Each structure stands twice: as C-alpha cells, then as structure tokens.
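**Q** Quick one: structure below, then a few questions.
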Amino acid sequence: MGKKRAFFKEALKSMKTSGSFIPSSKYLVKRIVKNIDFEKSNVIIEFGPGNGIITKEILNRLNPNAILLSFEINENFYKNIKQIDHKQLIVLNVSAEDVQVEIEKRGFKKVDAVISSLPLSLLPKELSNSIIKKSHIILKDKGQFVQFQYSVNFLKQFKSIFENKVKLEFEPLNFPPAFVYICKK
Ligand SMILES: C[S@@+](CC[C@H](N)C(=O)[O-])C[C@H]1O[C@@H](n2cnc3c(N)ncnc32)[C@H](O)[C@@H]1O
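Each residue of the sequence shown is one higher than the last, beginning at 0 in numbering that gives the first Met the number 0.
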C-alpha cells in the first residue's frame, strides 16, 4: 500500500488524534523546517510524526552531533516510524505531554527546538496548554517552537506563553492550507 494511502487509512481510524487525512505537503514541510538553525541545534523534539514526512526532512538536515526525539501516540504510526533506520533518531510511543520527563531520563535539561504537528484544536484545552507550556520550559533561550495548524485560533494562546515572540506564516500549497506558528523563547 502507498504511504499516503496507509496514512489515510490510519488517520481515518483515529481521526480524533490524527487531525488530518492527508500528510503535510512538501511545501508545508519546507516552510516548517526552514525556521530551525540545524547547525546550532543538537537536541530537537518532534511531536506527532505520523507517517514521517517531517521526520525525514529533519533527519536530512540534522548536524552530525544532533539527536531527534519523536513522540507519537498512535501505535501503528509509531511502529512505522521505528522502521526508519537512522542512528540519530529516537522514537517514543509516548504522549507529547510527557516530554519533560522523557528528555530528563536521557540526561537533557534543555532542547534547541520543538517541531509539532499535534492537532491542537482536537485536544482538550488544558492538554494543549500544558504541552505548549512544557515545551516553553524545556526550550533553551532563543530556542524555537514551530507548530502548524489549519487556523489562527491559537495565536492568543501562543502569545500568552511566548510573550509576543510569535510569528505567523501561511502555506497555501497544502491540503488544507495551513498556518505555521513560529515561537521563540
Ligand atoms: C496531523 S497528524 C501529522 C502527521 C505528520 N507529521 C504530517 O505533518 O503529515 C498529527 C499526529 O499527531 C499524533 N498525536 C496526536 N496527539 C498526540 C500526542 N498527545 N502526543 C504525540 N503524538 C500525538 C497523531 O497520532 C498524528 O500522527
């Protein structure tokens, strides 16, 4: 089965946590990752890799000393991502809300960047707020939190946590067209 079709089938089964039937377009993926300074980033977190379209682009750009920790709660997406054979990738079948505990287990206090595809609008408000707050806590100074969504509804929430250091970009070449929130600590 093709990768897009497999994603569609799995996303359909778990629509409440997937948030989309179709993986992000290459245009959206590029718009997301271009915000990260990969040369200076040694610990990168990804939330919601799904079929791995963003994961692979991050891996292509990682510096040789960096690691990528990907958090995926869907068991089938997790198993699929685990098959990516890359020594700098750690995939966890754990929710994004446990990010702080998981990085500390691995001896890290702070991270350089968080790249999130979580369907925030489908999560309970307390959960989305807690994930964004925890991401802010674990980011190094000037670290970046990059999140895509299909609306601008989260602008106020991001601004309340990242103290107005939030930029919004729009990517029309995606289905549906998407907004990218770029938040700096
Ligand atoms: C919209 S899909 C994004 C897939 C892919 N990154 C892309 O851009 O096409 C959202 C992903 O977030 C995952 N997810 C939802 N809630 C999560 C959570 N609390 N922790 C980790 N992953 C989660 C879903 O299982 C799904 O794979």
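Glycine included, each C-beta is placed from N, C-alpha and C at the ideal position.
All values reported here derive from a predicted model rather than from experimental measurement.
Give the secondary structure of Tyr77 by DSSP, where H, G and I count as helix, E and B as strand, and everything else as coil.
**A** The answer is helix: DSSP assigns Tyr77 an H, G or I state.
**Q** If the criterion is Cβ atoms closer than 8 Å, does the pair Glu71 and Ile57 meet it?
**A** No; because the gap between Cβ atoms is not below 8 Å, this pair is not in contact.
**Q** For Leu172, which residues from the same chain have a beta carbon less than 7 Å from its beta carbon, with the 5 sequence-adjacent residues on both sides left out?
**A** If we look at Leu172 and ignore the five residues flanking it on each side, its Cβ neighbours are Ser24, Tyr26.
**Q** Spatial neighbours of Leu167 within its chain, please: C-beta separation below 8 Å, excluding the five flanking residues on both sides.
**A** Only Val151, Leu154, Phe178, Val179, Tyr180, Ile181 meet the Cβ criterion.
**Q** Any heavy atom of ligand 1 within a distance shorter than 7 Å of the CB on Ile52?
**A** Yes; taking the cut-off as 7 Å, the Cβ of Ile52 has a heavy atom of ligand 1 nearer than that.
**Q** Looking at Asp111 and Ser40, is the spacing between their C-beta atoms short of 8 Å?
**A** Against a cut-off of 8 Å, the Cβ pair of Asp111 and Ser40 comes out as a contact.
**Q** Can you look up Val151 in the DSSP assignment and give me helix, strand or coil?
**A** Here Val151 sits in coil by DSSP.
**Q** By alpha-carbon positions, which one of Asp36, Ile35, Ser129, Phe157 ends up nearest to Ser94?
**A** Nearest of Asp36, Ile35, Ser129, Phe157 to Ser94, Cα basis: Ser129.
**Q** Within 10 angstroms of the Cβ of Asn79, are there 16 or more other Cβ atoms? Answer buried if so, exposed if not.
**A** Per the 10 Å Cβ criterion, buried.
**Q** Pull up the distance between the alpha-carbon of Asp97 and that of Pro123, whole angstroms please.
**A** Looking at the two C-alpha atoms, the distance is approximately 16 Å.
**Q** How many Å lie between Ser69 and Asn163 at the Cα?
**A** Each residue's alpha carbon lies about 27 Å from the other.
**Q** Enumerate in chain order the residues of its own chain whose CB-to-CB distance from Asn34 is below 7 Å, with the five nearest sequence positions on each side excluded.
**A** Contacts found: Gln143, Val145, Ile181.
**Q** Find the nearest neighbour of Phe20 within the set Lys29, Arg30, Phe7, Ile31, judged by alpha-carbon distance.
**A** Cα-wise, what sits closest to Phe20 is Phe7.
**Q** Thinking Leu88 and Leu67 are a contact (beta carbons under 8 Å), I'd like their distance in whole angstroms, please.
**A** Between Leu67 and Leu88 the Cβ distance is about 5 Å, and since that is below 8 Å, they are a contact.
**Q** Please go through the stretch 81–157 and give each complete beta strand (DSSP E) segment of 3 or more residues, from N-terminal end onward.
**A** Listed in chain order, they are 88–91, 110–115, 138–148.
**Q** By the three-class DSSP mapping on this structure, what secondary structure does Leu200 have?
**A** What is shown of the chain runs 0 to 184, which leaves residue 200 out entirely.
**Q** Would the beta-carbon of Leu138 fall within 8 Å of that of Val113?
**A** It is a contact, given that the beta carbons lie within the stated cut-off.
**Q** Using a threshold of 8 Å, state whether the C-beta atoms of His135 and Phe161 are closer than that.
**A** Yes; because the gap between Cβ atoms is below 8 Å, this pair is in contact.
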